[in-house]
Amino acid sequence: TWTGLKVKIIAAKFRKEPVAHPIYQLGIAPGVEVKTLADLRGKRIAFSPGQAQGALVLRVLQAAGLKREDVTLIELPSKGDAYPVALASKQVDVAPIWGVLVKHYLHQYGADGATTIPHGLRDDPAHLYAPQAVLEDPAKAAALGEYVRYWALATRWVQEHPKEWIAGYYVATQGLNAEDGQYLVDADGQFDIPSDWNDVIARQQATIDLLARELNRPRIKAEDLFDRRFETIAANALNAS
Numbered sequence: 088t089w090t091g092l093k094v095k096i097i098a099a100k101f102r103k104e105p106v107a108h109p110i111y112q113l114g115i116a117p118g119v120e121v122k123t124l125a126d127l128r129g130k131r132i133a134f135s136p137g138q139a140q141g142a143l144v145l146r147v148l149q150a151a152g153l154k155r156e157d158v159t160l161i162e163l164p165s166k167g168d169a170y171p172v173a174l175a176s177k178q179v180d181v182a183p184i185w186g187v188l189v190k191h192y193l194h195q196y197g198a199d200g201a202t203t204i205p206h207g208l209r210d211d212p213a214h215l216y217a218p219q220a221v222l223e224d225p226a227k228a229a230a231l232g233e234y235v236r237y238w239a240l241a242t243r244w245v246q247e248h249p250k251e252w253i254a255g256y257y258v259a260t261q262g263l264n265a266e267d268g269q270y271l272v273d274a275d276g277q278f279d280i281p282s283d284w285n286d287v288i289a290r291q292q293a294t295i296d297l298l299a300r301e302l303n304r305p306r307i308k309a310e311d312l313f314d315r316r317f318e319t320i321a322a323n324a325l326n327a328s
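If you count by our numbering, then the sequence shown holds residues 88 to 328, one letter each, in order.
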């Protein structure tokens, strides 16, 4: 990886209708006119290179037919509510925001003219990573296989028990109220755990190639990031129970 971490992906989860249930939306600062991706030209956009939000921004520009020179990328860390705050204070015109931050941003600043627009792209990958050293140990790799199996079953349990998940996780451990928890459950939609990673790897490679070109990074083979011994474990666990 570009960070130097020796890890591999051992499980991958997505959303069944990823464009209808995106993780991120593009937050638009109060008073800024952005209705379509083409309107991003000339705007100041929050950018966190090396993070998912940064990759999404570059993909959005690509989808809009824009180059980095057509906008001003403002490097900002994406921790917590940094992006909604940057939008509200007009440090930036546009920023990718996610989860309950979307709901809160519109509630707090909608009266001032704050808006959001969909970006229209898939942004739904969720991966489990494991250290290469662990994967090279047969006993530990076998244990990880069991972990992946139960991870898949837990994913289905969450989807089938939304009220318990909201109360036990979002409310009890994340400090959210039940309304926010329901918002997040609705936003997630239905999960998808594929048994074949060919398309997954192809999409990953497309993102890697874009980042390598735009951020001047060495090209990495997406195939090398996945440990395909684990490819069917999660899906098989779901099909067997």
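Cβ coordinates follow ideal geometry from the N, Cα and C atoms, glycine included.
Residue nearest to residue i in terms of C-alpha spacing, selected from the options
i    : options                : result
L329 : A241, A324, Q149, R316 : It is not possible to answer for residue 329, since the shown part of the chain is limited to 88 through 328.
E30  : Q291, V287, A169       : The structure shown does not extend to residue 30, since the chain spans only 88 to 328, so no value can be given for it.
R300 : A142, E104, G129, V121 : A142
G137 : V121, L163, I115       : L163
D211 : V189, Q291, R243, H194 : Q291
I115 : L271, T88, V189        : V189
G204 : K100, D279, W185, V221 : The sequence shown places Ile at residue 204, rather than the Gly named in the question. With distances taken between Cα atoms, I204 lies closest to W185.
T294 : G129, V144, S176       : V144
G197 : T90, V119, N303, S328  : V119
V181 : H214, H191, I132, H206 : I132
Three-way DSSP call (helix, strand, coil) for residue i in this model
i    : result
E247 : helix
T202 : strand
W89  : coil
A116 : coil
E162 : strand
V179 : coil
K227 : helix
I307 : coil
W284 : coil
I110 : coil
Strand pairing of residue i, partner residues [DSSP]
i    : result
Y256 : The partner list for Y256 (beta bridge, DSSP) is empty, contrary to what the question assumes.
V272 : The partner list for V272 (beta bridge, DSSP) is empty, contrary to what the question assumes.
R102 : F278
R131 : T159
L215 : A98
Any non-hydrogen atom of the ligand GDP closer than 7 Å to residue i Cβ
i    : result
N323 : The ligand GDP is not part of this structure, which contains no ligands at all.
Problem set entry | Three-pair Cβ contact test at 8 Å for the segment 109-117 versus the segment 250-265 | By the criterion of at least three beta-carbon pairs nearer than 8 Å, the segment 109-117 is not in contact with the segment 250-265.
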